[in-house]
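If you use the working numbering, the sequence shown corresponds to residues 24 to 407, in order.
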Amino acid sequence: MARVLTLAIALLALVAAPSRAQAPSTDEKRTALVIGNGAYQNGPLRNPVRDARGMAAALRGQGFEVTLLENAGQKETRRAINEFGKKLREGGVGLFYYAGHGLQVSGRNYLVPVDAAIDEESEVEIEAVDVGSVLSRMDIARNRLNLVILDACRDNPYARSFRSPVRGLASIDAPSGTLIAYATAPGRVARDGSGANGLYTGELLRAMGVPGLRIEDVFKRVRQSVQQQTGGEQVPWESSSLVGDFVFSRPVAVAAPLGDPRGPGGTGAARSVAPTLAGSWRGDMIQPNSPKGSYPMIMTVTELGDGNYRGAVDYPSLGCSGWLTSVEHKGGVYRFKERIERGPEVCVNGGTVEMRLTGHGSIQLDWYFPEGRLGATSVLRRTD
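What follows is the structure, encoded as structure tokens:
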């Protein structure tokens, strides 16, 4: 009898114990630390800060509490990682994103702060930040699920003083419940990119905005796109030991009306319907190439009788306003043409705007110039 009781108590404890495999709740806490380093004295980079800003904006629109660091030094980075680890103890999903220089030494990966003074390979451990410190904080926190995204596989600016000719980052095993994503395959170098975002992060931001897309499929879509655009020269890579599900942008489910057999009082479940863009929205347009970097914007979208949309857009700080007219809808992405009718010449934009709902009461927009280059991004929140 004593053995039976002991076994029963053990089983109850096992059932009651928290597990990283538990199903996510709709109000699950989401915490992110985003770092973009580009202002290096040796080997400056043009895109990491823009990438970090775009990632932070997208994550905030998807329900994350985000800490954003730009051109961070070593002490600031270490302190932020420590605070990040403390927040993860509250549970939920943790995400660490880094864009900038990264190095591998003796099979370990290091993030390079902008104040790093590295003259030889032996100084990396002292001057840089070991990725292992991030993974350790995540593992100790025991939260449900963690993501580490490293857009840090660019050319090594210190290569001439290194004994080892190894390029890119090393592949490391992901702790349980963690996915580690690299901009390119181990030992390879990623492109910094010539647009408003780096190639890898730009594609990642687009895939993250697709409602209901599972995390594994997000990175699969990014890999396919980057590989195709580079002719196979850059192939993003992941190391995963995830044991739970996760989507960045949740699909919007709406209950069926009373009397409908799929809704309240019926025999079926709630039905999912295509969400609408119609409504009032407010947020910031992030334009990295502009003097200020971001501008407030207000948008009101009306659904037309034929199922298309028309939007009135206003940029108060610029004195510009105009119209957005939908021209195409495909796979959750709505494409618009923008026409500015009031404001100085600097406001004129004859390109296209792509909109997608994030599933968190917000909407993501990407502005493209006439030649197809991404020029700005926005995450707007509903105000009506």
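Glycine included, every Cβ here is placed at the ideal spot set by N, Cα and C. Quick caveat, the model's predicted, so the values are computed rather than measured.
Ranked by Cα distance from I104, the first of I141, I195, A164 is A164.
A residue is called buried once 16 or more other Cβ atoms fall within 10 Å of its Cβ, and T224 is buried on that count. The bridge partners DSSP lists for F107 come to none. P259 sits away from R244, with the two beta carbons spaced by 8 angstroms or more. With a threshold of 16 other beta carbon atoms within 10 Å, R112 falls short and is exposed. When rounded, the separation of the alpha-carbon atoms in A193 and P209 is 5 angstroms.
Straight through space, the alpha carbons of I309 and G342 are spaced by roughly 17 angstroms.
In the DSSP assignment, P234 falls outside any beta strand (DSSP E) and carries neither an H nor an E. In this structure, T207 and Q257 form a Cβ contact; the two beta carbons are roughly 5 angstroms apart against a cut-off of 8 angstroms.
If you look at D162, you'll find it in the alpha helix (DSSP H) that goes 154 to 164. Counting other Cβ atoms within 10 Å of its Cβ, D174 reaches 16 or more and is therefore classed as buried.
E377 is bridged by DSSP to R358, D389.
Of the candidates F107, N169, M231, the residue whose Cα lies closest to the Cα of T381 is M231. In the DSSP assignment, I149 falls within the alpha helix (DSSP H) that extends over 147 to 150. Counting of Cβ neighbours within 10 angstroms places N220 among the buried residues, the total reaching 16 or more. Scanning D74, V212, C370 for the CA closest to the CA of V336 turns up C370.
As the crow flies, the alpha-carbon of S264 is around 7 angstroms from that of P198. Boundaries cannot be given for A301, as no beta strand (DSSP E) includes it and DSSP labels it neither H nor E. The Cβ neighbour count for A140, taken over all protein chains shown within 10 Å, is under 16; the residue is labelled exposed.
Taking the Cα positions, N65 is about 42 angstroms away from G235.
Judged by DSSP secondary structure, A79 falls within the alpha helix (DSSP H) whose first and last residues are 71 to 84. Excluding residues up to 5 positions away in sequence, R333, G334, A335, V336, E361, R362, E364 lie with their Cβ nearer than 8 angstroms to the Cβ of W346 in the same chain. By the criterion of at least three beta-carbon pairs nearer than 8 angstroms, the stretch 117 to 135 is in contact with the stretch 152 to 170.
Contact between A80 and V137 is ruled out by a C-beta separation of about 22 angstroms, above the 8 angstroms threshold. Its Cα nearest to that of E261, the residue V171 stands out among E148, V171, K109. The C-beta of D196 has fewer than 16 other C-beta atoms within 10 Å across all chains shown, which makes the residue exposed. Distance from the CA atom of G108 to the CA atom of S156, rounded to whole angstroms, is 10 angstroms.
For G306, the CB contacts under 7 angstroms within the same chain, skipping 5 residues up- and downstream, are M320, S401, V402, L403, R404 in chain order. In the three-state reduction of the DSSP assignment, L397 falls in the strand class. In the DSSP annotation of this structure, Q310 is not part of any beta strand (DSSP E), being labelled neither H nor E.
A distance below 8 angstroms separates the beta carbons of D74 and A122. Cβ-Cβ distances below 7 angstroms link G125 to N132, Y133, L134, V135, L173, A175, C176, L192 in the same chain, with the five nearest sequence neighbours on each side left out; the list follows chain order. Assignment of L227 by DSSP, reduced to helix, strand and coil, places it in the helix class. Exposed is the label assigned to I149, since fewer than 16 other Cβ atoms lie within 10 Å of its Cβ.
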